[in-house]
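This report refers to the structure that appears directly beneath it.
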Amino acid sequence: MDITIKEMQKKHLPEIMKIEEKVFTNMWNEEMFIEEIENRYAYVMMSKNQIMAYICGWMIYDQFDITNIAVLPEFQRKGYGSCLINFLISKLLNEKCYKFFLEVRESNLAAISFYKNLGFKYLGTRNSYYISPVEDAMIFAADFQNITH
Ligand SMILES: CC(C)(COP(=O)(O)OP(=O)(O)OC[C@H]1O[C@@H](n2cnc3c(N)ncnc32)[C@H](O)[C@@H]1OP(=O)(O)O)[C@@H](O)C(=O)NCCC(=O)NCCS
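In this note's numbering, the protein residues as written are 1 to 149.
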């Protein structure tokens, strides 16, 4: 399969919104993605002209907060999510940013297993962080300073 990773652009948003609707109960809106695009760390993984997955996040001082990652259901559990997050992590390591954070719904066992598999460790809980439905967030963190990624 011919797969590429590209910077997210506004023209990708209609397709991204369809994926959001499929994979999240509390989906982001287009404005939220536009902020991510302007913020420079937003990527799509594409097979020909189809978006398979996307990721975005924020650099805050010397740390990076992964704010969203999703893989289209039919492409899940095939290594694409790992490939995309590793692409972003490698890019940040090249920019000398080694510390990564993220939040995940405590019921999202697939994502929790995904992050643990990448070396993220549980740091703590933010009570009632999510809406629709209200749920606690588990905070995960990784420090890749001494790891050759
Ligand atoms: C979480 C998500 C991004 C993972 O992407 P993916 O491409 O399916 O994951 P990968 O194929 O790279 O999986 C890598 C490893 O993560 C773990 N993993 C991934 N999905 C899993 C699942 N459904 N159940 C258990 N473990 C899982 C496994 O350890 C897997 O390795 P293995 O397949 O060799 O056992 C994807 O499931 C997704 O888009 N979910 C919906 C959106 C979402 O929840 N995003 C995260 C919000 S915090």
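Glycine residues also receive a C-beta, built at the ideal position from the N, C-alpha and C atoms.
Residue i: beta carbon under 7 Å from a heavy atom of ligand 1?
i, result
"residue 80", "yes"
"residue 117", "yes"
"residue 88", "no"
"residue 24", "yes"
"residue 120", "no"
"residue 114", "yes"
"residue 69", "yes"
"residue 44", "no"
Residue range of the alpha helix (DSSP H) that residue i falls in?
i, result
"residue 34", "30–38"
"residue 17", "13–23"
Provide the residue span of the beta strand (DSSP E) that contains residue i, from first to last.
i, result
"residue 138", "135–143"
"residue 5", "3–7"
"residue 132", "Run containing residue 132: none; DSSP gives neither H nor E here."
"residue 43", "42–47"
Compare the C-beta of residue i against all C-beta atoms of chain B and say whether one is closer than 8 Å.
i, result
"residue 78", "You won't find chain B in this structure, because it holds only one protein chain."
Report, in whole angstroms, the separation of the C-beta atoms of residue i and residue j, which I expect to be a contact under 8 Å.
i, j, result
"residue 100", "residue 75", "Residue 100 to residue 75, Cβ: 23 Å. No contact."
"residue 51", "residue 44", "5 Å"
"residue 71", "residue 57", "With 8 Å as the limit, residue 71 and residue 57 do not qualify as a contact, their Cβ atoms being about 16 Å apart."
"residue 102", "residue 115", "7 Å"
"residue 104", "residue 73", "That belief does not hold up - the Cβ atoms of residue 104 and residue 73 are roughly 18 Å apart, past 8 Å."
At 4 residues or longer, and completely inside the region 50–125: list those alpha helix (DSSP H) runs for me, N to C. You should have 80–94 and 109–117.
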